[in-house]
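J.: One rule links them: number in this note's numbering = place in the sequence shown (from 1) + 8. Where a beta carbon is used, it is the ideal one built from N, C-alpha and C, also for glycine.
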Amino acid sequence: MARNFRTLDDMGEVTGKRVLVREDLNVPMADGAVTDDTRLRAAVQTVAELADKGAKVIVLAHFGRPKGQRNPEMSLALVTRPFEAVLGRPVRFIDDQDAAGVIATMAEGEVGILENTRFDAGEEKNAPETVDRLAALGDLYVNDAFSAAHRAHASTEGLAHKLPAFAGRQMEAELDALDKALGNPEHPVAAVVGGAKVSTKLDVLKHLVAQVDHLIIGGGMANTFLAARGVNVGKSLCEHDLTGTAEEILDAADKANCTVHLPYDVVVAKEFRANPPVRTVNVHEVAEDEMILDVGPAATEALADVLKTCRTLVWNGPLGAFETPPFDTATISLARTAAALTKEGSLVSVAGGGDTVAALNQAGVAGDFSFVSTAGGAFLEWMEGKALPGVAALQR
Ligand code: ADP
Ligand code: MG
Numbered sequence: 009m010a011r012n013f014r015t016l017d018d019m020g021e022v023t024g025k026r027v028l029v030r031e032d033l034n035v036p037m038a039d040g041a042v043t044d045d046t047r048l049r050a051a052v053q054t055v056a057e058l059a060d061k062g063a064k065v066i067v068l069a070h071f072g073r074p075k076g077q078r079n080p081e082m083s084l085a086l087v088t089r090p091f092e093a094v095l096g097r098p099v100r101f102i103d104d105q106d107a108a109g110v111i112a113t114m115a116e117g118e119v120g121i122l123e124n125t126r127f128d129a130g131e132e133k134n135a136p137e138t139v140d141r142l143a144a145l146g147d148l149y150v151n152d153a154f155s156a157a158h159r160a161h162a163s164t165e166g167l168a169h170k171l172p173a174f175a176g177r178q179m180e181a182e183l184d185a186l187d188k189a190l191g192n193p194e195h196p197v198a199a200v201v202g203g204a205k206v207s208t209k210l211d212v213l214k215h216l217v218a219q220v221d222h223l224i225i226g227g228g229m230a231n232t233f234l235a236a237r238g239v240n241v242g243k244s245l246c247e248h249d250l251t252g253t254a255e256e257i258l259d260a261a262d263k264a265n266c267t268v269h270l271p272y273d274v275v276v277a278k279e280f281r282a283n284p285p286v287r288t289v290n291v292h293e294v295a296e297d298e299m300i301l302d303v304g305p306a307a308t309e310a311l312a313d314v315l316k317t318c319r320t321l322v323w324n325g326p327l328g329a330f331e332t333p334p335f336d337t338a339t340i341s342l343a344r345t346a347a348a349l350t351k352e353g354s355l356v357s358v359a360g361g362g363d364t365v366a367a368l369n370q371a372g373v374a375g376d377f378s379f380v381s382t383a384g385g386a387f388l389e390w391m392e393g394k395a396l397p398g399v400a401a402l403q404r
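Dropping the structure here:
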């Protein structure tokens, strides 16, 4: 594949070189222990590969929101031992008071973590002094933190202009997957956009109508679109002030030859709690005191048929209130269809979003999608078609 960014394969000889590697080590902690080490595990490949090649690996990362102040509770010293355990080799903590001195003593193949980049107020401002201070610590720069790439900070963007810059393995995998899903996808392309509110995903919807062949709208936001089409959605979550915007999106889709799929049957309840009495009804039969909480079985089956005709799927947002049974039914069913089609080789499936990842895990199919992004905000901005500064800075 022709890429417009350089990877570890393009770095040349790194033995003895000081390589600054931006990772996402912003792990959740409770009582001094890491409660989810996904991000630590994701950083291993790039760090280990560079260390194996004899580089002096200096990991840069932020931890929490110290807002430019030193804060011992947000010191990356707390993450050094957990990362060492996951990496399976010694990791040195590099205090930023004498970073240059410590780095000068590092051996080839040694790994260190520099103190929280956000202790310096210049990090989030991308201040030239901060960029220069960091650049002086390394010979080469690797950005492996896609999840931080929507921010133009010194360690995520500024450094790429000062040192020869490369994408790490994690960044490379994410960019390749996203390119296959929306940059340069095989058509027909389907997008599932669900979740609670239209207002949080307006830019996503506006961007997607021009990119995809099928736009599947589910979740609470489908109610706003149904209301725009004159459906009485009862007590459902619905942004009535956005029905005009919903109409504009439907018009734009029409012009772009994008077929919009709204549910035609829905699961409704009078109370929002686990396992209440429910009815499955046509969207025109929702009563005044009922809420739409999931896509119905007939619509779900029709959506599965749509996916069967597609080559590419990009998914953000659950189809129903999946945390509360039985309103996870449509999401789980369509996720399983997508996973099966991916396994058969007929579909490239890429999904992202905090609740979407949770829903795919609940369905037990996260591992069967082509790629599941845990990048959160960066993933959404990419879905909005925005250029991510940390990615743009890597482009040759
Ligand atoms: P993501 O984190 O994947 O981007 P969102 O945060 O946009 O997804 O949306 C997820 C939320 O949407 C979930 O909490 C889910 O319960 C809610 N939701 C989905 N469908 C409905 C619905 N019909 N009514 C109310 N809430 C819904
Ligand atoms: Mg969410």
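1) Kindly list the residues whose CB is nearer than 6 Å to the CB of Gly226, restricted to its own chain and excluding five residues on each side of it in sequence; keep chain order.
2) For Asp187 and Thr350, I'd like the C-alpha separation in whole angstroms.
3) Kindly identify the DSSP beta-bridge partner or partners of Asn290.
4) Look at Val87 and Val29 and say whether their C-beta atoms are less than 9 Å apart.
5) What residue ranges within the stretch 123-173 form continuous beta strand (DSSP E) runs of no fewer than 3 residues, ordered along the chain?
6) Going by C-alpha to C-alpha distance, which of Thr337, Val55, Trp390 and Ala85 sits closest to Ile150?
7) For Glu193, does the count of other Cβ atoms within 10 angstroms reach 16, so buried, or fall short, so exposed?
8) Taking the straight line between their C-alpha atoms, what separation do you get for Asp60 and Pro172?
9) How many Å lie between Val206 and Leu58 at the Cα?
10) From this set, Ser378, Phe387, Lys133 and Ala204, which residue's C-alpha is nearest Val356's C-alpha?
11) From which residue to which residue does the beta strand (DSSP E) around Arg6 run?
12) Please confirm whether any heavy atom of the ligand ADP lies closer than 8 Å to the CB of Ile300.
13) Take Asn369 as the anchor and find which of Leu245, Ala343, Val220 and Ala189 has the nearest alpha-carbon.
14) Taking the Cβ atom as the reference point for each residue, do Gln219 and Val200 lie within a distance shorter than 9 Å?
15) Relative to the C-alpha of Gly242, which residue among Leu167, Arg78, Ala401 and Glu296 is closest?
16) Taking 8 Å as the cut-off, is the CB of Asp363 close to at least one heavy atom of the ligand MG?
17) For the stretch 315-322 and the stretch 255-263, state whether three or more C-beta atom pairs, one from each stretch, are separated by less than 8 Å.
18) What are the boundary residues of the alpha helix (DSSP H) that includes Leu33?
19) I'd like the list of long-range same chain contacts for Arg49, defined as Cβ closer than 7 Å, with 5 residues on each side in sequence excluded.
20) Rounded to whole angstroms, what is the Cα-Cα separation between Arg73 and Tyr272?
21) Since Asp302 sits in a beta bridge, which residues does DSSP pair it with?
22) Could you name the residues that DSSP lists as bridge partners for Leu321?
23) Let me check understanding here. Comparing Cα to Cα, which of Leu388, Asn124 and Ala230 lies closest to Val7?
24) On a Cα-Cα basis, can you pick out the residue from Asp17, Gln403, Gly360 and Val35 that is closest to Gly375?
25) From what residue to what residue does the alpha helix (DSSP H) around Ser341 run?
26) Quick one: complete alpha helix (DSSP H) runs, 4+ long, within the stretch 178-226?
27) Is Gly228 near the ligand MG, judged by its Cβ being under 8 Å from some heavy atom?
28) Measuring alpha carbon to alpha carbon, tell me which of Ala312, Ala168 and Ala144 ends up nearest Ala153.
29) Can you tell me whether Ala329 is helix, strand or coil according to DSSP?
30) Quick one: grab the DSSP three-state call for Thr267.
31) Please return the same chain residues whose Cβ sits closer than 7 Å to the Cβ of His248, not counting the five positions on each side in sequence.
32) Am I right that Val274 and Leu388 are in contact with their C-beta atoms under 8 Å? What's the rounded C-beta distance?
33) Beta carbon of Ala374: closer than 8 Å to some heavy atom of the ligand ADP?
34) What's the C-alpha gap between Trp323 and Leu190?
35) Kindly indicate the opening and closing residues of the alpha helix (DSSP H) around Phe387.
36) How about Ala383 and Thr339: are their beta carbons less than 9 Å apart?
T.: Reading from the atomic positions:
1) Numbered from 1 along the sequence shown, position 218 holds the residue referred to as residue 226. Answer for Gly226: Gly202, Val303 and Leu327, listed in chain order.
2) In the sequence shown, the residue the question calls residue 187 occupies position 179. In the sequence shown, the residue the question calls residue 350 occupies position 342. So the alpha carbons of these two residues sit roughly 17 Å apart.
3) The residue you call residue 290 lines up with position 282 of the sequence shown. Asn290 is bridged to Asp273.
4) On the sequence shown, position 79 is the one that residue 87 refers to. On the sequence shown, position 21 is the one that residue 29 refers to. No.
5) 148-151
6) Here residue 150 refers to the residue found at position 142 of the sequence shown. One detail in the question is off: residue 150 reads as Val in this sequence, not Ile. Of the candidates Thr337, Val55, Trp390 and Ala85, Val55 places its Cα closest to the Cα of Val150.
7) Within the sequence shown, residue 193 is the residue found at index 185, counting from 1. Reading off the sequence shown, one finds Pro at residue 193, where the question assumed Glu. Per the 10 Å Cβ criterion, buried.
8) Reading the sequence shown from its first residue, position 52 is the one you call residue 60. Reading the sequence shown from its first residue, position 164 is the one you call residue 172. When rounded, the separation of the alpha-carbon atoms in Asp60 and Pro172 is 20 Å.
9) If you number the sequence shown from 1, residue 206 lands on position 198. If you number the sequence shown from 1, residue 58 lands on position 50. Those two C-alpha atoms are separated by around 43 Å.
10) Taking the sequence shown and counting its residues from 1, the one referred to as residue 356 is at position 348. Nearest option by C-alpha distance: Ser378.
11) What is shown of the chain runs 9 to 404, which leaves residue 6 out entirely.
12) Along the sequence shown, read from residue 1 onward, the residue named residue 300 stands at position 292. It does: the Cβ of Ile300 is within 8 Å (strictly closer) of some heavy atom of the ligand ADP.
13) Position 361 of the sequence shown, counted from the first residue, corresponds to residue 369. Looking at the Cα atoms, Ala343 is the closest of the given residues.
14) Numbered from its first residue, the sequence shown carries residue 219 at position 211. Numbered from its first residue, the sequence shown carries residue 200 at position 192. No, they are not a contact pair.
15) Along the sequence shown, one-based indexing puts residue 242 at 234. Of the listed residues, the one whose Cα sits closest to Gly242 is Glu296.
16) Numbered from its first residue, the sequence shown carries residue 363 at position 355. Because some heavy atom of the ligand MG lies under 8 Å away, the Cβ of Asp363 counts as near it: yes.
17) Taking one beta carbon from each stretch, the stretch 315-322 and the stretch 255-263 have fewer than 3 pairs nearer than 8 Å; the two do not touch.
18) By 1-based counting over the sequence shown, the position of residue 33 is 25. Taken as a continuous stretch (DSSP letters only), Leu33 belongs to no alpha helix (DSSP H), as it is neither H nor E.
19) Translated into the one-based positions of the sequence shown, residue 49 becomes position 41. Excluding five sequence positions before and after Arg49, the CB atoms of its chain that fall closer than 7 Å to its own CB belong to Val94, given in chain order.
20) By one-based count along the sequence shown, residue 73 stands at place 65. By one-based count along the sequence shown, residue 272 stands at place 264. Approximately 44 Å, taken between the alpha carbons.
21) Taking the first residue of the sequence shown as 1, we reach residue 302 at position 294. Asp302 pairs with Val275.
22) Start at 1 with the first residue of the sequence shown, and residue 321 comes out as number 313. Per DSSP, Ala198 and Ser357.
23) Since the displayed the chain opens at 9 and closes at 404, residue 7 lies outside it and no answer follows.
24) Indexing the sequence shown from 1 puts residue 375 at position 367. When only C-alpha atoms are compared, the closest one is Gly360.
25) Start at 1 with the first residue of the sequence shown, and residue 341 comes out as number 333. Here the alpha helix (DSSP H) through Ser341 covers Thr337 to Glu352.
26) Listed in chain order, the alpha helix (DSSP H) runs fully inside the stretch 178-226 are 210-217, counting runs of at least 4 residues.
27) Against the sequence shown, residue 228 aligns to sequence position 220. No; taking the cut-off as 8 Å, the Cβ of Gly228 has no heavy atom of the ligand MG nearer than that.
28) What you label residue 153 is simply residue 145 of the sequence shown in a count that begins at 1. Taking only the C-alpha atoms, the option nearest Ala153 is Ala168.
29) Along the sequence shown, one-based indexing puts residue 329 at 321. If DSSP states are grouped into helix, strand and coil, Ala329 belongs with coil.
30) Residue numbering aside, residue 267 sits at position 259 when the sequence shown is read from its first letter. Reduced to three states, the DSSP call for Thr267 is strand.
31) Taking the sequence shown and counting its residues from 1, one reaches residue 248 at position 240. Ala235.
32) Counted from its first residue, the sequence shown places residue 274 at position 266. Counted from its first residue, the sequence shown places residue 388 at position 380. About 26 Å separates the two Cβ atoms, so there is no contact after all.
33) Reading the sequence shown from its first residue, position 366 is the one you call residue 374. For the ligand ADP, not one heavy atom lies less than 8 Å from the Cβ of Ala374.
34) Residue numbering aside, residue 323 sits at position 315 when the sequence shown is read from its first letter. Residue numbering aside, residue 190 sits at position 182 when the sequence shown is read from its first letter. Distance between the alpha carbons of Trp323 and Leu190 is about 11 Å.
35) Taking the first residue of the sequence shown as position 1, residue 387 is located at position 379. Counting along the chain, the alpha helix (DSSP H) containing Phe387 begins and ends at Gly385 to Met391.
36) Translated into positions along the sequence shown, residue 383 becomes position 375. Translated into positions along the sequence shown, residue 339 becomes position 331. Contact: no.
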